Each structure stands twice: as structure tokens, then as C-alpha cells.
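Mapped onto this note's numbering, the consecutive letters of the sequence shown carry residue numbers 10 to 170. First up is the structure itself, then whatever we jot down about it.
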Amino acid sequence: MEMAIEQAKKAGNKGEVPIGAVIVKRQQDDGGGIGMHTYHVISRGYNMVETIQDASAHAELQALRRAAKKIQNWRLLNMTLYCTLEPCPICLSAIQQFRIQTLVYGAPQVRYGAVESHMRMLDDYQHPSHTIEEVVSGVMKAECADILKSFFRRRRKERPK
């Protein structure tokens with residue numbers, strides 16, 4: 010999650026809403042350790058909606074597209090997506106479509122959250138081709154929420170009166 014927070018800070022420094030995402034792949038350790046795994050970062054992404062004037066340029070979608078391009082396969086099997094904010098409906102659908110196995114997020118998104126805060130898409134609707142096997146919420150929740158709160162506090166102060 011710390012890497013996703015770094016991505017969120019990059020977005021904020023560029024005037025974007027500070028949301029970051031990282032995709033990692035879990036691999037079984039061949040070193041003989043029982044239950045030992047290694048994790049490799051596959052891609053990173055941050056919110057770029059304003060930069061490229063694309064309403065779909067959310068952090069999660071940036072990371073998903075980059076991961077698929079990097080491994081030359083849209084099926085991101087055995088991968089975990091970390092994001093600083095609960096995914097919206099579009100991002101959650103894409104996460105399922107790309108076959109992400111585990112979703113980890115920090116802060117809840119009360120306006121558009123599709124996992125548990127606003128909608129409960131994983132409870133109400135089963136994606137026809139995949140279901141996310143595990144969701145972990147609230148990881149570094151305070152840090153993730155503080156980045157957003159600070160960003161919007163600054164924005165309100167900078168707004169012409």
C-alpha cells in the first residue's frame with residue numbers, strides 16, 4: 010500500500026485527485042520455504058483524469074492497462090491490486106474483467122464506492138467471467154484518507170472567493 014500512496018502523492022503533485030494503484034504478482038518461493046511467497050511489482054498507476062482529459066483515467070485503470078501491456082496478456086492471473094481508495098463501479102468491473110485475484114484498498118469512498126461504502130457490487134452481482142477471490146479493506150486507511158482530505162482542503166483554500 011505504501012507504493013500506492015506514493016503514486017497518489019504523484020497525482021496530487023500534478024493537480025490530480027490523489028489516488029494511486031499498484032499491481033503485484035505473488036509467486037511461490039522455490040527456495041524450499043513452506044508457504045513462502047515473493048511479490049513482484051508489475052505496474053503502478055495514478056489518477057490522470059485532468060492531465061489527459063479522460064474521465065476513465067483512474068489510477069486503477071492506468072495500472073491495469075500497464076500491467077496487461079507489460080505481461081502481454083489481459084488476464085492478470087494471481088495478481089493483487091492495491092489502491093488508496095475504494096474502487097468506483099467502472100474500476101471494479103475492470104478489475105474483475107482483468108481477472109485480478111485480490112483487491113486491497115485503503116480509504117472508503119462514500120460517494121461512489123462499489124465494494125461496500127456506497128454500492129455492494131460484489132454482493133449483488135456476480136461478474137459472468139470472474140469473481141474476485143479476496144477483498145481487504147481499510148489498509149492504511151487513515152493515511153489514504155488524509156492524502157485526499159489534505160488535497161481537497163488545499164483546493165478549497167485556493168478557490169477564488
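Just so it is clear, CB atoms sit at the ideal spot from N, CA and C, and this is done for glycine as well. Because the structure is a prediction, the values reported are computed rather than measured.
Helix, strand or coil: which one does DSSP assign to residue i?
i, result
"residue 144", "strand"
"residue 128", "coil"
"residue 100", "helix"
"residue 10", "coil"
"residue 72", "helix"
"residue 28", "coil"
"residue 81", "coil"
"residue 19", "helix"
Given that a residue counts as buried once 16 or more other Cβ atoms are within 10 Å of its Cβ, and exposed if not, what is residue i?
i, result
"residue 34", "buried"
"residue 161", "exposed"
"residue 169", "exposed"
"residue 95", "buried"
"residue 28", "buried"
I need the straight-line Cα distance from residue i to residue j, nearest angstrom please.
i, j, result
"residue 109", "residue 87", "7 Å"
"residue 14", "residue 20", "10 Å"
"residue 18", "residue 140", "30 Å"
"residue 26", "residue 89", "23 Å"
"residue 79", "residue 51", "7 Å"
"residue 106", "residue 67", "16 Å"
What residue range does the alpha helix (DSSP H) around residue i cover?
i, result
"residue 113", "Run containing residue 113: none in the alpha helix (DSSP H); it sits in the beta strand (DSSP E), 111–116."
"residue 5", "The structure shown does not extend to residue 5, since the chain is modelled only from 10 through 170, so no value can be given for it."
"residue 162", "150–167"
With a cut-off of 8 Å on the beta carbons, I'd call residue i and residue j a contact; round off their distance for me.
i, j, result
"residue 124", "residue 145", "Not confirmed; about 10 Å, so no contact."
"residue 53", "residue 77", "Between residue 77 and residue 53 the Cβ distance is about 14 Å, and since that is not below 8 Å, they are no contact."
On the DSSP letters alone, give me the boundaries of the beta strand (DSSP E) that residue i sits inside.
i, result
"residue 50", "46–55"
"residue 91", "88–94"
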